[in-house]
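Counting in the working numbering, the sequence shown runs from 13 upward without gaps.
For glycine and all other residues, C-beta sits at the position ideal for the given N, C-alpha and C.
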Amino acid sequence: MSDPLLHFRAEFPILARTNYLISNSLGAMPRGVYDALHSYADTWATRGVRAWEERWWMLSLQVGNEIGALMNASVNSVSVHQNVTTCQAVVASCFDFSGPRNKIVYDDLNFPSVMYFWQAQQKVGARVHMVTTDDGITVPTDRLLEAIDEETLLVPVSHVIFRSAYIQDAKAIVDKAHKVGAHVVLDTFQSLGTVPVDVQALNVDFACGGVLKWLCGGPGVAYLYVHPDLADKLEPKLTGWFAHQDSMAFETGPIRYTDPPFRFMNGTTHIPSLEACRPGLKVIGEVGIEKIREKSRRQTARLIELADRHDWRVNSPRDSNQRGGTVSIDMPDSQQICRELLAREILVDWRPRAGVRFSPHFYNTDEEVDAAITAVEGILKDRRVAV
Ligand SMILES: Cc1ncc(COP(=O)(O)O)c(C=O)c1O
């Protein structure tokens, strides 16, 4: 059966040399990045400081809109930052934790950096309530919803869990949060690019993520969507001259906030990363997330089928409606297996309490998926002989 998505393989040089199954960590680099960075260097070299006025100042707005288009965000609702942790800090800085509504609710399958950030906010009055997973794969939605109450200010949770690829019921979380007057900060790092995300349909307050995984945009760019109904009212304390109504006036005194998305930014933007991420965003837009999702469901199901043949523990949901783009498999001695796969140019990663994470993307062939598992079988077989 021919796979039209394989047409895009030629755009990604590393696919000719490796079996690249690690888009949950770092998406493959599109060849267009060479030109994007060359052109960045040319602009800097030839236009010098005029580049700010001619291109760089508005680049963050443009890139924010390109990311926003992939998640049905309205125009100018997405600001760009360096990483998700910074996005959390910008959101936190819009609120005050000194009153009775100071509870932060999340689950222990959240990405650790996000938890470290919110735990640290306890020093300035935040109260963290962490719901624990029963099986290490899924989040107990009922208990999470129950924990969101009238004292809850924010609910910073992952849309797709990094360890297991479990898809949280974001709509139920947003609905409960809104019912009691709380706001949801949805981390879409592990969803956007492989699982459809529609911020308007979810009616989510904030959504953030980075572009380096499923969006093939490289390190250095994260995004923060703020619901337009909220955006004009919020006043981030983590702010700077890019958020000023008249940056070039260099006024003294307190900030006068400009409109979103610049309102949520602060200092000088990360131009090389912004230039480098655009080819990835373009390819993802061209391929289409619905098509990516359809293929991902098939290839991740195949990984589970193959793991089951050996009774290897699968630490990802079996129901594809609850499963994102990764299958975590904890076969015997999985950490060492991961190292041996890397030595064979099969790129995957290993995480504690997850196992080896296999993450096929639209550019992977079915043969590559099978070959990765065949390689694991071979490594385990050789060991049994050697013992
Ligand atoms: C769900 C999720 N959130 C956040 C991060 C990273 O956060 P940051 O951009 O702050 O490094 C990752 C992975 O790197 C992740 O998988």
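With a 10 Å radius around its C-beta and 16 neighbouring C-beta atoms as the bar for buried, classify Arg325 as buried or exposed. The residue is exposed, with fewer than 16 neighbouring Cβ atoms inside 10 Å.
Would you give the residue range spanned by the beta strand (DSSP E) that Ile283 belongs to? No beta strand (DSSP E) holds Ile283; the alpha helix (DSSP H) holding it covers 283-299.
Other residues of its chain near His256: CB distance less than 7 angstroms, five sequence neighbours each side excluded: Contacts found: Ile267, Arg268, Thr270.
Can you list, in chain order, the residues of its chain with a C-beta nearer than 6 angstroms to that of Gly367? Leave out the 5 residues immediately preceding and following it. Only Asn327, Ser340, Ile341, Asp342, Ser346 meet the Cβ criterion.
By how many angstroms is the C-alpha of Thr55 removed from the C-alpha of Pro86? The identity of residue 86 in the sequence shown is Ser, whereas the question assumes Pro. Inter-residue distance for Ser86 and Thr55 is about 30 angstroms (C-alpha atoms, whole angstroms).
Taking 7 angstroms as the line, does the beta carbon of Asn95 fall inside it for any heavy atom of ligand 1? Proximity of the beta carbon of Asn95 to ligand 1 is indicated: a heavy atom of the ligand is located closer than 7 angstroms.
Helix, strand or coil for Lys115? Go by DSSP, reduced to three states. Lys115 carries a strand assignment under DSSP once its states are collapsed to helix, strand and coil.
Which class does Arg310 belong to by DSSP, given the choice of helix, strand or coil? The answer is helix: DSSP assigns Arg310 an H, G or I state.
Between Ala406 and Gly111, what straight-line distance do the alpha-carbon atoms span, to the nearest angstrom? This structure cannot speak to residue 406, because the chain is shown only from 13 to 399.
For Ala101 versus Phe129, is the C-beta distance shorter than 8 angstroms? In this structure, Ala101 lies near Phe129, with their beta-carbon atoms less than 8 angstroms apart.
From Asn36, Val169, Arg290, Ala40, pick the residue whose C-alpha is nearest to that of Phe20; which is it? Measuring from the Cα of Phe20, the nearest candidate turns out to be Ala40.
beta-carbon Gln202 near ligand 1 non-hydrogen atom, thresh 7 angstroms: Yes.
Ile358 classed as buried or exposed, judged by whether at least 16 other C-beta atoms fall within 10 angstroms: Classification for Ile358: buried.
Measuring only the C-alpha atoms, how far is Arg29 from Pro284? Each residue's alpha carbon lies about 26 angstroms from the other.
With a threshold of 7 angstroms (Cβ to nearest heavy atom), would Gly222 be considered close to ligand 1? Yes, Cβ of Gly222 sits closer than 7 angstroms to a heavy atom of ligand 1.
Spell out the partners DSSP gives Arg139 in its beta bridges. Lys115.
Rounding to the nearest angstrom, what Cα-Cα distance links Gly221 and Ala261 in this structure? For Gly221 and Ala261, the distance between alpha carbons rounds to 32 angstroms.
Are at least three pairs of beta-carbons, each pair with one atom in the region 235-246 and one in the region 271-278, less than 8 angstroms apart? The region 235-246 makes contact with the region 271-278; the number of CB pairs closer than 8 angstroms reaches 3 or more.
Relative to ligand 1, is the shortest distance from any of its heavy atoms to the C-beta of Phe174 smaller than 7 angstroms? Phe174 Cβ: within cutoff of ligand 1.
Given Ile116, which residues of its chain have a CB within under 8 angstroms of its CB, disregarding the five upstream and five downstream residues? The beta carbon of Ile116 sits closer than 8 angstroms to those of Trp130, Gln133, Ala138, Arg139, Val140, His141, Thr164, Leu165, Leu166, Val167, Pro168, all from its chain and outside the five residues before and after it, given in chain order.
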